[in-house]
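These protein sequence lines are chains A and B, in that order.
Residue 1530 in my numbering is what sits at position 116 of the first sequence, and the numbering runs on without skipping anything.
Residue 1637 in my numbering is what sits at position 223 of the second sequence, and the numbering runs on without skipping anything.
Please read the structure below before turning to the comments.
Protein chains: 2
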Amino acid sequence: MKPSIDAATPLMSWSADAAQRILEYVARVSDEDSPDHVAPKERIAVFDNDGTLWCERPNYVQAAFVVDELSARVQQDPSLSDSPVVAALVAGDVDGALRHGGLGALAEVLLETHAHIGAEAFTERARSWLQSAQHPQLGRRYVDLVYQPMLELLDHLRAHQFRTFIVTGGGVEFVRAVSDDLYGIDRDDVIGSAVQLDLARHDGRIELIRQPAIFGSPNEGAPKAINIQMHIGRRPIVAAGNTAGDREMLEYTAGSAHPTLCLAIDHDDAAREFAYEGASVTQPDAESLRDTARMQGWTVVSMRDDWNRVFATSTLL
Amino acid sequence: MKPSIDAATPLMSWSADAAQRILEYVARVSDEDSPDHVAPKERIAVFDNDGTLWCERPNYVQAAFVVDELSARVQQDPSLSDSPVVAALVAGDVDGALRHGGLGALAEVLLETHAHIGAEAFTERARSWLQSAQHPQLGRRYVDLVYQPMLELLDHLRAHQFRTFIVTGGGVEFVRAVSDDLYGIDRDDVIGSAVQLDLARHDGRIELIRQPAIFGSPNEGAPKAINIQMHIGRRPIVAAGNTAGDREMLEYTAGSAHPTLCLAIDHDDAAREFAYEGASVTQPDAESLRDTARMQGWTVVSMRDDWNRVFATSTLL
């Protein structure tokens, strides 16, 4: 089957060329008569979140959430800003916060902000914040800055019996708060960085309490590939990312015995979003994913040239 | 809606009373008109595996697998049995193996047996073994010793838009090798104990290599509740287990804001299977789950009285 591009195309927000490439790939693995047919259970697609499914500039959405909540707490208890890291963060000066003690001290403050509360309470709080929080420059709520072309890709894959998963360096409970509303991806199909949970009993009822420490490693780089195996138990055949922290996830996918589709989203659109090279938090000096993708023969998606529109055309939350 | 028990009942292998209790619960949370209606996304059901979904006596199936594979290796390299732990294990003497160095030395040998191979290769090997391996006493393959009443319960829950998950103290990759065939539960819906994986590149292709060490904690006791939150992100409303290692999973479930169904399988059927008190590996002296269930008002399932038949009526693998 040769897919045709017309008004009824499921990838309306993609350029004709880019859409054609994706449609051909999906037909190739899902068409019953294709020599490259892949059984539905093996049709696993994994997506980075920040910078791949929604905007990550100038700050990660979750970082804005933590700073907002920290600021509210400082208003109630001004002595908290005796800490120079807290004071810099609340003033919106992340570089300043880093100068006062490095990444370790910064991480400690961030982790402490939502420690000692229940995992379920945290999800409710994140969801509530996301319902109204506005991007500082783009004049929309963060939840309205999901990428329309990627929503269409998720839909097209699922229409062809793919299972879609988020594999994020961000906090798993933060992304889960809205993953179903924004992306149609249920909570158990989100893999991310996690904090340690402790079991506590209150009035005979178990609650799982967030601790101010990461569980295992942040979900960036090699841990993305490892956590895909830990959580899903199958090697994906489709993957999309935008930073060096997604490299191993795409490489793991590319190593499948089946035909694969590996997408590197290139943020080259200063007019509609931002133009930047996606950097990995844990590997700031690594080769850009765009360069890796060119070397490996993966598909580089130019936001400027391949996307007819960028942000969601309807309100999802 | 009052469900009626007749020849068309979906819980044919359960006694009329036990079936009625389950059918009423499922109707109560899934019936649109019920005041206790629970949204489908919240209909999460979690099941222990060994002793809850299939037979765990006289040995865990996975232990039999490891000993079989270790024995094959000793035949190729007899010097391996210079280790008294290995020699005792290969002779089928687990107590003897424990006497020679305790649980730590035993775990080391077991973990080493399948270390240094790829996660995908391990799954294939486990699946291949399970296709033929026979139970030492019951005259059937292990895979034919899944419990028919529990298969019917899984089906009935899924027919009412429940999601079903396995939460096992066993190795996640071992259970995943057959979870879909035996239980209709896909690999990503299996949560279990895991070994550490290392990322390696061979000829430019990533493989994830099993290490001889547990990742985090064994999935027993409090970790079962914590890993449910880590993996699923929702508190279950149905849970089933058979040992003290399942207590926290059932307690976490019982703490839901919705009506819950907590089942403790009581192995009291020496005629058809085995009669024993399910012990937790990590908490051998803990209160039996049957006693906890009675205290907490959970449902104790008597294998002898509540199950009309015990083992699967058809071949699943």
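Cβ atoms here follow ideal geometry from the backbone N, Cα and C, with glycine treated the same way.
Distance from the CA of A/Leu1565 to the CA of A/Asp1594, rounded to the nearest whole angstrom, comes to 12 Å. The beta carbon of B/Ala1639 is closer than 8 Å to those of Glu1662, Met1663, Glu1665, Tyr1666 in its chain, skipping five residues each way along the sequence. The beta carbon of A/Gln1545 lies closer than 7 Å to those of Leu1731 in the same chain, with the five residues before and after it left out.
Between A/Arg1577 and A/Ala1459 the beta-carbon gap is near 7 Å, inside 8 Å, which marks them as a contact. In terms of beta-carbon proximity, B/Ala1639 lines the interface with chain A, with at least one pair separated by less than 8 Å. Across the structure, B/Leu1596 and B/Gln1551 are spaced so that their CA atoms are roughly 21 Å apart. The beta carbon of A/Gly1647 falls within 8 Å of a beta carbon belonging to chain B, placing the residue at that interface. Within the DSSP secondary-structure output, B/Leu1622 pairs in a beta bridge with B/Leu1613. For the segment 1581-1602 of chain B, the beta-carbon criterion of a distance under 8 Å to any beta-carbon of chain A is satisfied by Val1586, Glu1587, Arg1590, Asp1594, Asp1600, Arg1601, Asp1602. Neighbours of A/Ala1533 in chain B, taken as residues whose beta carbon is under 7 Å from its own, are Gln1643 in chain order. As the crow flies, the alpha-carbon of A/Ala1519 is around 30 Å from that of A/His1681. Counting only residues of its own chain and dropping the five nearest sequence neighbours on each side, B/Trp1543 has a CB closer than 6 Å to the CB of Phe1479. At the C-beta level, B/Gly1659 and B/Ser1694 come within 8 Å of one another. Annotation for B/Ala1432: Asp1720 place their beta carbon closer than 6 Å to its own, counting only its chain and skipping 5 residues before and after. DSSP places B/Val1715 within a strand segment (E or B) once states are collapsed to three. When Cβ pairs closer than 8 Å are counted between the two stretches, the segment 1649-1657 of chain A is seen to touch the segment 1672-1690 of chain A, the count reaching three or more. Among the residues facing chain B, A/Leu1703 is not included, as its CB has no counterpart in that chain under 8 Å away. B/Glu1522 is the residue among B/Gly1606, B/Gly1618, B/Thr1674, B/Glu1522 whose C-alpha sits nearest the C-alpha of B/Ala1627. Taking a Cβ-Cβ cut-off of 7 Å, the neighbours of B/Glu1665 in chain A comprise Ile1620, given in sequence order. The DSSP-derived three-state label of B/Arg1487 is helix. Rounded to whole angstroms, the Cβ separation of A/Phe1725 and A/Arg1554 is 7 Å, and the two are in contact under 8 Å. Contact of A/Gly1669 with chain B by beta-carbon distance below 7 Å involves Arg1619, Ile1620.
According to DSSP, residue pairing for A/Trp1468 in a beta bridge involves A/Asp1464, A/Val1560. In the three-state scheme derived from DSSP, where H, G and I count as helix and E and B as strand, B/Leu1675 is classed as strand. With a threshold of 16 other beta carbon atoms within 10 Å, B/Leu1517 falls short and is exposed. When DSSP states are grouped into helix, strand and coil, B/Gly1659 belongs to the helix group. Ranked by Cα distance from B/His1514, the options B/Val1499, B/Thr1527, B/Asp1507 are led by B/Val1499.
Residue state for A/Thr1582 is assigned as strand, using DSSP reduced to three classes.
Less than 8 Å separates the beta-carbon of A/Leu1611 from that of B/Gln1643.
If you compare the alpha carbons of B/Val1715, B/Leu1703, B/Leu1467, B/Ala1486 with that of B/Gly1584, the shortest gap goes to B/Leu1467.
For A/Leu1613, the neighbours in chain B by C-beta distance under 7 Å run, in chain order, Ala1636, Ala1639, Ile1640, Glu1662. If you draw a straight line from the Cα of A/Ala1535 to the Cα of A/Val1557, it is about 20 Å long. Excluding sequence positions up to five before and after B/Asp1450, its CB lies within less than 8 Å of the CB of Arg1442, Val1443, His1672, Pro1673, all in the same chain and listed in chain order.
Using a CB distance cut-off of 8 Å, A/Ala1707 does not count as an interface residue toward chain B.
DSSP places A/Ala1693 in the coil class of the three-state scheme, outside both helix and strand. Boundaries of the alpha helix (DSSP H) harbouring A/Lys1638: 1636-1645, taken from the DSSP string.
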